[in-house]
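Student: Before I ask anything, let me first share the structure, which is written out below as structure tokens.
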Amino acid sequence: MPVPRRCQNRRTSACTYMPNARNITFRSAVLEALAGEMRRDQSVILIGEDVGAAGGVFKQTDGLHAEFGEERVIDTPISEAGAFGLAIGAAMAGQRPVFEVMFGDFITLVMDQLVNQAAKVNYMSAGQFSVPLVLRTAVGIGANLGPQHSQSLHAWTAHIPGLKVVMPSTPADAKGLMTAAIRDDNPVVFFEDRMLYNVSGEVPQSEHVVPIGSAEVKRPGRDISIIATSRMVHIALAAAELLAHENVSVEVVDPRSLVPLDIDTLVASVKKTSRAVVVDGGYRQYGVTGEIAATIAEEAFDWLDAPIMRVGGANVPIPFSKSIEPLMLPDAAKLAAIVAQLLHGTR
Amino acid sequence: MPVPRRCQNRRTSACTYMPNARNITFRSAVLEALAGEMRRDQSVILIGEDVGAAGGVFKQTDGLHAEFGEERVIDTPISEAGAFGLAIGAAMAGQRPVFEVMFGDFITLVMDQLVNQAAKVNYMSAGQFSVPLVLRTAVGIGANLGPQHSQSLHAWTAHIPGLKVVMPSTPADAKGLMTAAIRDDNPVVFFEDRMLYNVSGEVPQSEHVVPIGSAEVKRPGRDISIIATSRMVHIALAAAELLAHENVSVEVVDPRSLVPLDIDTLVASVKKTSRAVVVDGGYRQYGVTGEIAATIAEEAFDWLDAPIMRVGGANVPIPFSKSIEPLMLPDAAKLAAIVAQLLHGTR
Amino acid sequence: MRHGRLEKADADEAAVNRVVLPPTDEAISLLRTMQLIRAFEEQVRSLFFGGMIPGLVHLCAGQEAVAVGVCSQLRTSDKIASNHRGHGHCLAKGADVRRLMAEIMGRRPGYGLGRGGSLHIFDVVNGNLGTNGIVGGGIPLAVGAAFSAKRNGRGDVAVCFFGDGALNQGLLFEAMNMAAIWRLPVVFVCENNGYGEFTASEHVTAGRDPKARGASFDIPSEAVDGMDVLAVREAARRAISRARAGEGPSFLVCTTYRYGGHHAGDKQEYKDTAEIEAWRQKDPIERLGRQLQGENLVTSKVIAALKGAVETEVREAVEFARAAPMPEPQDLGLHLYA
Amino acid sequence: MRHGRLEKADADEAAVNRVVLPPTDEAISLLRTMQLIRAFEEQVRSLFFGGMIPGLVHLCAGQEAVAVGVCSQLRTSDKIASNHRGHGHCLAKGADVRRLMAEIMGRRPGYGLGRGGSLHIFDVVNGNLGTNGIVGGGIPLAVGAAFSAKRNGRGDVAVCFFGDGALNQGLLFEAMNMAAIWRLPVVFVCENNGYGEFTASEHVTAGRDPKARGASFDIPSEAVDGMDVLAVREAARRAISRARAGEGPSFLVCTTYRYGGHHAGDKQEYKDTAEIEAWRQKDPIERLGRQLQGENLVTSKVIAALKGAVETEVREAVEFARAAPMPEPQDLGLHLYA
Ligand SMILES: Cc1ncc(C[n+]2csc(CCOP(=O)(O)OP(=O)(O)O)c2C)c(N)n1
Ligand SMILES: Cc1ncc(C[n+]2csc(CCOP(=O)(O)OP(=O)(O)O)c2C)c(N)n1
Ligand SMILES: [Mg+2]
Ligand SMILES: [Mg+2]
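Going down the list, the sequences are from chains L, C, G and H.
If you're matching positions, the first sequence starts at 84 in the working numbering and goes up one per residue.
If you're matching positions, the second sequence starts at 84 in the working numbering and goes up one per residue.
If you're matching positions, the third sequence starts at 223 in the working numbering and goes up one per residue.
If you're matching positions, the fourth sequence starts at 223 in the working numbering and goes up one per residue.
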């Protein structure tokens with residue numbers, strides 16, 4: 084078996100061999116997963132606003148309508164709640180819908196269907212009905228879209244038992260996790276940071292499945308662990324690069340899914356480095372960093388040399404103006420400074 | 084000035100003097116606040132399903148319709164999203180609505196209005212419009228109401244900048260915090276555990292305001308801090324009583340509001356006791372215990388003798404059956420056992 | 223009498239709903255199923271007051287004709303989505319009486335291991351997508367099942383049952399619009415019993431004629447006397463055959479009445495007794511019984527025997543459920559994921 | 223020509239919408255406001271392509287008659303709630319051109335300190351409850367303002383503007399139902415421009431006649447030629463006087479057209495050019511100009527002068543906004559709470 088390319092992970096479980104890998108964008112990687120699964124399984128259908136002939140407002144469904152037709156690529160009215168309810172009913176009746184919510188901010192409109200129906204049907208029916216469905220949505224600060232078009236409420240969905248929650252950071256993971264999400268018999272919420280759509284990376288051409296619930300060490304290191312989600316992984320890697328110049332060896336770990344959370348990989352990293360920063364792009368207050376930090380602290384308390392720091396989005400509505408929107412999230416330099424402070428105990 | 088009754092708090096800030104206190108139920112205490120504010124301020128109106136002549140499904144609005152008439156106590160159609168949107172518009176135009184969502188599970192239906200409108204209007208309009216509104220809802224496991232009528236999603240609302248989130252545990256706090264919530268110029272989400280409605284306590288007859296954002300030490304202690312919300316405060320107090328027999332001195336701290344969070348009072352307690360357990364009645368995964376534990380750990384790391392433990396609702400839909408619903412939450416004995424383990428390092 | 227405005231619409235349609243007596247076997251089956259539901263609800267009520275059922279139960283006594291008339295036209299592979307007042311829908315769609323009772327009593331042999339209760343009864347074998355604790359929640363599920371049925375092309379249909387209260391949930395309109403544009407094989411069945419909880423529907427529902435709400439989407443919409451199982455059956459037959467034939471959705475507004483309170487324990491202080499009495503005069507079970515006797519198709523003895531039989535069946539179900547175990551601690555975490 | 227089905231409804235109502243020419247001053251003011259909006263949108267478009275406006279902007283060129291016709295009948299204390307295509311509504315309701323432009327460009331003197339942008343323009347002085355990024359989001363806000371106005375008893379009204387896309391949001395129906403049962407002084411104004419984003423409304427909207435959706439709540443509902451400011455003004459006058467008189471809500475379905483794409487930058491590949499051309503022939507500004515000239519109320523010179531003046535006003539606003547500062551770091555946290 085040839086040596087995996089670009090695989091920086093020493094734990095084999097999370098390390099993926101990539102045959103026929105090519106450099107493609109995150110957008111194309113998700114599209115490849117969708118098209119691949121739609122070819123493989125007739126019951127996979129795509130439902131959303133302007134996902135059809137228009138190919139999605141971010142061109143994230145481009146070509147699917149042409150290939151699979153309007154019976155399987157369905158443009159809905161602007162009726163998020165009803166259309167998502169419809170998708171759940173279709174899933175209960177044997178379809179495998181991928182439902183798109185155009186902007187992550189609008190998942191607020193489907194919460195009743197998601198929480199009170201989709202997440203609980205398998206449990207309430209004692210397994211008589213399942214809800215094999217993917218809810219995908221584009222999120223992310225940074226495109227000057229303002230307070231109602233930039234939020235990522237992944238913390239909400241991670242709070243609800245019965246859902247799985249996925250947040251890919253790389254094109255390969257995007258393809259592998261979307262494939263796994265579609266094949267999963269449970270409702271999976273799939274958050275795509277739209278600022279990653281044009282980011283490229285190596286992605287296997289053939290079928291590629293990344294199991295949901297496996298974290299990956301994206302960069303090994305010794306001195307401190309940065310646990311980062313989705314786009315924050317890239318900022319963490321850039322910060323790690325900056326810190327490498329100062330002889331700080333940073334390990335970057337990407338949980339890849341929030342539910343299930345691969346806590347073992349996270350804890351193993353922190354037990355090795357004894358220090359951790361958790362970085363996430365959602366609002367910081369009562370966001371996912373608290374759960375992750377607290378869980379690690381419970382499991383690795385005796386290994387910790389410093390408190391686990393948490394970095395998240397500023398706790399304000401997301402302004403649209405170019406001058407201040409960037410203040411919502413840390414950049415690599417800011418994150419590196421936080422890490423440096425933590426290492427030198429000057430907090 | 085006479086000595087405050089029943090005040091177990093050594094920090095004067097959080098300690099309330101209670102003139103003319105009588106023993107009344109939590110339900111009556113909230114009702115007193117509503118009636119008091121409606122008398123004081125003509126712009127206070129009450130909007131909800133069956134809140135009028137019927138007096139609420141839990142009799143939580145009993146008598147208000149008779150006193151204030153249908154112009155101010157408004158029965159809505161079963162249109163949660165629209166009616167809540169209406170309340171927001173009314174608030175922007177000068178009313179001070181108290182909007183009731185009958186069961187906390189149904190707040191899922193008003194999330195778009197809450198998150199994308201109410202929470203952001205003051206910010207987006209740069210203070211031109213504010214949204215002085217209270218969203219009250221009854222929550223709580225334990226009445227065999229099943230998966231869609233027992234959830235408390237306070238963690239969600241606490242995640243959204245621009246909202247305040249209140250969770251009273253005692254009748255006095257319920258009155259004082261509801262009064263403060265109605266007077267607040269911001270959207271305040273007010274969670275009432277319906278299992279507390281019949282719990283009685285001393286409540287001042289006259290105007291009583293508890294500032295939002297002030298935690299209270301409900302029982303002072305030396306060995307360990309239990310930080311508990313809403314009904315969990317009572318379980319914590321019962322556990323503390325059990326532990327007192329084993330010569331363990333437990334301090335019970337009630338944040339009373341999640342946003343703003345009175346982190347100083349929490350940290351002061353933990354710095355004193357060096358150990359903490361955080362207890363909340365929502366689903367444990369990605370719930371509020373993570374944020375509270377992680378925040379305390381950040382601030383009091385060097386004082387901690389053990390990891391902060393977190394106790395929450397089981398991570399499953401809430402079953403209705405009498406035999407297993409009680410397993411969703413800890414009781415006093417279970418909580419006492421967790422504390423004992425933590426103290427004896429046998430975890 | 224309140225709840226009268228809808229009577230009017232009713233009357234307007236009387237001509238359309240001309241009664242056609244079905245074959246005797248089928249008529250008896252309609253009668254029997256209504257009796258079964260009535261007997262079931264009576265047992266549930268007494269179990270509730272006897273402390274054997276925790277939580278909340280919403281009984282459908284008085285409304286049997288709607289569930290039975292509609293479901294009589296469905297086959298097993300057709301789907302229904304029900305609401306909080308759903309025992310009748312479940313039984314009419316073929317639910318096992320014992321498993322249903324067990325679920326309502328929180329016992330392990332129930333449809334959901336006794337963890338869901340009355341508000342959450344799922345029955346995959348009979349195509350029941352669930353009773354539902356969310357007003358309106360089941361509506362789009364049925365539309366989704368209809369979407370799936372259309373894809374599968376085997377002529378299956380879906381039905382959602384909901385109350386007049388759900389007429390004001392925006393979800394209904396979204397669902398109707400999609401059903402109409404995609405010509406989905408779904409029937410929207412409103413059980414208009416004049417009240418949502420303790421509030422008279424006329425206080426919260428605009429428009430003289432609820433049918434107009436469906437008609438605004440160009441969905442064939444008709445008012446039906448929901449106390450007449452034969453009228454319901456006829457209207458359902460028309461709607462369901464349209465659906466099977468690929469002609470899209472229909473909307474049936476069935477005027478009916480719940481004899482009891484919103485939930486067992488509600489004293490109904492918001493209704494006057496004359497109103498209740500007037501509606502009891504229209505009892506759907508009595509009515510069909512009279513019709514069948516009038517045509518000499520059955521005797522009062524047969525009717526009594528049928529009634530006795532279903533009462534026995536329900537009593538046995540109660541015995542079964544009473545003897546059945548409660549869920550065990552290890553059941554708490556089962557089926558969280560598929 | 224697509225977007226034609228609605229033309230039909232339009233024609234049916236032509237008789238009702240008989241044009242009444244307003245006093246000259248007022249007619250000129252209508253013309254001027256439409257010109258102002260057109261000039262404003264043209265500037266916004268070129269600023270967007272010049273990289274001076276980040277994010278997304280949705281322009282209303284072509285639709286001016288609706289905003290202007292309706293708002294001409296409102297007083298300052300009346301409220302409006304707008305949507306994502308809202309610059310016209312803001313200007314018609316009296317917004318300061320400079321502050322509006324500054325907000326859209328993300329500058330500190332804007333209505334929201336330059337933090338909200340085009341989708342979030344609030345103007346308390348002129349009773350504007352905001353443009354809105356959520357399709358349908360503004361509708362219940364207007365209904366709430368109407369609720370408040372009714373309580374206050376000063377005869378104020380509220381108007382919500384929304385597109386044909388919002389016709390399918392359940393929120394609209396919930397809002398209409400409440401407005402109807404409580405007879406609230408609110409006017410629902412649908413700007414039916416035939417498309418929601420890249421999807422033709424006929425593909426996603428059931429029912430031949432959108433008016434029927436309002437009528438199903440017994441709300442007086444009329445189709446209006448939204449390219450004719452005088453027709454809009456007349457229909458709005460009727461609706462608003464009903465509202466002021468305590469006679470409750472109305473629904474106006476105004477057929478109109480957006481000349482440009484869904485947002486600046488959308489190339490409109492889903493429209494054919496003949497369709498665009500046909501609609502441009504109905505241009506509301508040209509039309510009113512012709513009507514006024516036809517009645518010899520103004521000359522083409524006056525019209526040109528008016529146009530020149532608003533163009534200057536807009537250019538000055540651009541200069542103002544360009545020179546204005548961006549928000550500062552400390553602005554990030556301002557106004558989180560009142
Ligand atoms: C979304 C939602 N809102 C409120 C409730 C509380 N609730 C349960 S049943 C009911 C009344 C329903 O009335 P209707 O639809 O007419 O059905 P009926 O009870 O009359 O059969 C209400 C308000 C709920 N379960 N779900
Ligand atoms: C709830 C919601 N869903 C989807 C969108 C994305 N979106 C913005 S505008 C729009 C189309 C709206 O169409 P219409 O209401 O007809 O207004 P128009 O753009 O034609 O003026 C959509 C789908 C949104 N902003 N909000
Ligand atoms: Mg009813
Ligand atoms: Mg449109």
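Glycine included, every Cβ here is placed at the ideal spot set by N, Cα and C.
Specify the secondary structure class of R568(G) as computed by DSSP and reduced to three states.
Tutor: Limits of chain G in this structure are 223 at one end and 560 at the other, which puts residue 568(G) out of reach.
Student: How many Å lie between I307(C) and L326(C) at the Cα?
Tutor: For this step, residue 307(C) is matched to residue 224 along the second sequence. For this step, residue 326(C) is matched to residue 243 along the second sequence. Distance between the alpha carbons of I307(C) and L326(C): 11 Å.
Student: How close, in whole Å, do the beta carbons of I318(L) and V360(L) come, if the pair is a contact with beta carbons under 8 Å?
Tutor: As a first step, residue 318(L) is located in the first sequence; it is residue number 235 there, counting from the start. As a first step, residue 360(L) is located in the first sequence; it is residue number 277 there, counting from the start. Actually they are not in contact, since the Cβ atoms of I318(L) and V360(L) sit about 11 Å apart, beyond 8 Å.
Student: My output table needs one value for P409(C): the three-state DSSP class, helix, strand or coil.
Tutor: Against the second sequence, residue 409(C) aligns to sequence position 326. In the three-state scheme derived from DSSP, where H, G and I count as helix and E and B as strand, P409(C) is classed as helix.
Student: Can at least three beta-carbon pairs, one atom from the segment 396-415 of chain H and one from the segment 256-270 of chain H, be found at a separation below 8 Å?
Tutor: no
Student: Determine whether the Cβ of D234(H) lies closer than 7 Å to any Cβ atom of chain L.
Tutor: Counting from 1 along the fourth sequence, the entry for residue 234(H) is found at position 12. Per-residue confidence for D234(H) stands at a pLDDT of 47, beneath the threshold of 50, marking its modelled position as unreliable; no derived number is given.
Student: Note down, in chain order, each residue of its chain lying with its Cβ closer than 6 Å to the Cβ of T255(G), except the 5 sequence neighbours on either side.
Tutor: Indexing the third sequence from 1 puts residue 255(G) at position 33. Contacts found: V290, A314.
Student: I want to see whether chain L comes within less than 7 Å of L192(C), judged by CB atoms only; does it?
Tutor: For the purposes of this step, residue 192(C) is taken as the residue at position 109 of the second sequence. Chain L, which has a Cβ nearer than 7 Å to the Cβ of L192(C), makes this yes.
Student: Please list, in chain order, all residues of the same chain as M247(L) whose beta carbon is under 6 Å from its beta carbon, the five residues on each side excluded.
Tutor: Here residue 247(L) is taken as the residue at index 164 of the first sequence, counted from 1. Checking the sequence shown, residue 247(L) turns out to be Lys, not Met. Excluding positions up to five away in sequence, the list reads N269, V271, I295, V342.
Student: Just to make sure I have the definition right: I need the residues of chain L whose C-beta is within less than 9 Å of the C-beta of G334(G). Which are they?
Tutor: Position 112 of the third sequence holds residue 334(G). Per Cβ cutoff of 9 Å: Y206, M207, S208, A209, Q211.
Student: Between which residues of its own chain and A562(G) is the CB-CB distance below 6 Å, once the five residues before and five after are set aside?
Tutor: The displayed coordinates of chain G run from 223 to 560. Any statement about residue 562(G) would go beyond what the structure contains.
Student: Is D386(G) near ligand 1, going by C-beta to nearest heavy atom under 6 Å?
Tutor: Your numbering for residue 386(G) matches position 164 in the third sequence. Yes, ligand 1 has a heavy atom inside 6 Å of this Cβ.
Student: Taking all protein chains shown into account, decide if H328(L) is buried (16 or more other Cβ within 10 angstroms of its Cβ) or exposed.
Tutor: For the purposes of this step, residue 328(L) is taken as residue 245 along the first sequence, with counting starting at 1. A residue is called buried when at least 16 other Cβ atoms come within 10 angstroms of its Cβ; H328(L) does not meet this threshold and is exposed.
Student: List in chain order: all unbroken alpha helix (DSSP H) runs of 4+ residues lying wholly within the segment 232-288 of chain H.
Tutor: DSSP assignment within the segment 232-288 of chain H yields the following whole alpha helix (DSSP H) runs of 4 residues or more, N-terminal first: 246-271.
Student: Quick one, which of I326(G), A467(G), K493(G) has its alpha-carbon nearest A543(G)'s?
Tutor: As a first step, residue 543(G) must be located in the third sequence, where it is residue number 321. The shortest C-alpha separation from A543(G) is found at I326(G).
Student: Are the C-beta of S162(L) and some C-beta of chain H separated by less than 7 Å?
Tutor: Mapped onto the first sequence, residue 162(L) falls at position 79. At least one chain H Cβ lies under 7 Å of S162(L).
Student: State yes or no: is the C-beta of V381(H) within less than 7 Å of the C-beta of V357(H)?
Tutor: By one-based count along the fourth sequence, residue 381(H) stands at place 159. By one-based count along the fourth sequence, residue 357(H) stands at place 135. No, the Cβ-Cβ distance between V381(H) and V357(H) is not below 7 Å.
Student: Is A202(C) close to chain H, meaning its C-beta is less than 7 Å from at least one C-beta of that chain?
Tutor: For this step, residue 202(C) is matched to residue 119 along the second sequence. No, A202(C) does not count as interfacial toward chain H.
Student: Alpha carbon to alpha carbon, how far is G284(H) from A97(L)? Give it in angstroms, no decimals.
Tutor: Start at 1 with the first residue of the first sequence, and residue 97(L) comes out as number 14. Start at 1 with the first residue of the fourth sequence, and residue 284(H) comes out as number 62. Legend: pLDDT at A97(L) = 42, less than 50; position of this residue unreliable, value from coordinates given subsequently. Distance between the alpha carbons of A97(L) and G284(H) is about 56 Å.
Student: Near T191(C), what residues of its chain come up, given a Cβ to Cβ distance below 8 Å and the 5 sequence neighbours on each side ignored?
Tutor: On the second sequence, position 108 is the one that residue 191(C) refers to. Contacts found: L236.
Student: Thinking G177(L) and S126(L) are a contact (beta carbons under 8 Å), I'd like their distance in whole angstroms, please.
Tutor: Counting from 1 along the first sequence, the entry for residue 177(L) is found at position 94. Counting from 1 along the first sequence, the entry for residue 126(L) is found at position 43. At roughly 6 Å, the Cβ-Cβ gap stays under 8 Å, so G177(L) and S126(L) are in contact.
Student: Report the neighbours of L410(C) on chain G: residues whose CB is nearer than 8 Å to its CB, in chain order.
Tutor: In the second sequence, the residue the question calls residue 410(C) occupies position 327. Chain G residues near L410(C): P551, L554.
Student: Could you say if the segment 180-190 of chain L and the segment 200-212 of chain L meet the contact criterion of at least three C-beta pairs nearer than 8 Å?
Tutor: no
Student: What's the C-alpha gap between M175(C) and Q513(G)?
Tutor: Numbered from its first residue, the second sequence carries residue 175(C) at position 92. Numbered from its first residue, the third sequence carries residue 513(G) at position 291. So the alpha carbons of these two residues sit roughly 59 Å apart.
Student: Hey, how far is the Cα of L474(H) from the Cα of D386(H)?
Tutor: The residue labelled residue 474(H) in the question sits at position 252 within the fourth sequence. The residue labelled residue 386(H) in the question sits at position 164 within the fourth sequence. Going by the C-alpha atoms only, they are around 12 Å apart.
Student: Any idea what DSSP makes of S370(G), helix, strand or coil?
Tutor: As a working note, residue 370(G) is residue 148 in the third sequence. S370(G): helix per DSSP, three-state reduction.
Student: Decide yes or no for the touch test of the segment 213-231 of chain L against the segment 407-426 of chain L: beta carbon pairs closer than 8 Å, at least 3 of them.
Tutor: Yes, the segment 213-231 of chain L is in contact with the segment 407-426 of chain L.
Student: My assumption, with CB atoms under 8 Å, is that G359(G) sits in contact with Q211(L). Please give the rounded CB distance.
Tutor: Sequence index remark: in the third sequence, residue 359(G) carries index 137 (1-based). Sequence index remark: in the first sequence, residue 211(L) carries index 128 (1-based). Contact flag wrong, Cβ pair sits at about 17 Å.
Student: Suppose contacts are defined by Cβ-Cβ distances below 7 Å. Is S299(H) in contact with D247(H) by that definition?
Tutor: By one-based count along the fourth sequence, residue 299(H) stands at place 77. By one-based count along the fourth sequence, residue 247(H) stands at place 25. No; because the gap between Cβ atoms is not below 7 Å, this pair is not in contact.
Student: Write down every uninterrupted run of the beta strand (DSSP E) in the segment 128-212 of chain L whose length is 3 residues or greater and which is fully enclosed by it, in chain order.
Tutor: 156-158, 179-186
Student: Excluding the 5 residues flanking S233(L) on each side, which residues of the same chain have their C-beta closer than 6 Å to its C-beta?
Tutor: Stepping through the first sequence from its first residue, residue 233(L) is reached at position 150. Cβ within range, chain order: I224, I401.
Student: Run down chain H in chain order and give the residues with a C-beta less than 8 Å from the C-beta of P506(C).
Tutor: Absent from the structure is residue 506(C), since the part of chain C shown begins at 84 and ends at 430.
Student: Which of helix, strand or coil does DSSP assign to L218(L)?
Tutor: The residue you call residue 218(L) lines up with position 135 of the first sequence. Note: L218(L) maps to strand in three-state DSSP.
Student: Going along chain B in order, which residues have a C-beta closer than 8 Å to the C-beta of D440(G)?
Tutor: Annotation note: the requested chain B is absent from the structure, which comprises protein chains L, C, G and H.
Student: Would you say the segment 353-367 of chain L touches the segment 339-356 of chain C, given that touching needs at least three Cβ pairs under 8 Å?
Tutor: no
Student: Am I right that P506(H) and A287(H) are in contact with their C-beta atoms under 8 Å? What's the rounded C-beta distance?
Tutor: Counting from one through the fourth sequence, the residue named residue 506(H) turns up at place 284. Counting from one through the fourth sequence, the residue named residue 287(H) turns up at place 65. About 4 Å separates the two Cβ atoms, so the contact holds.
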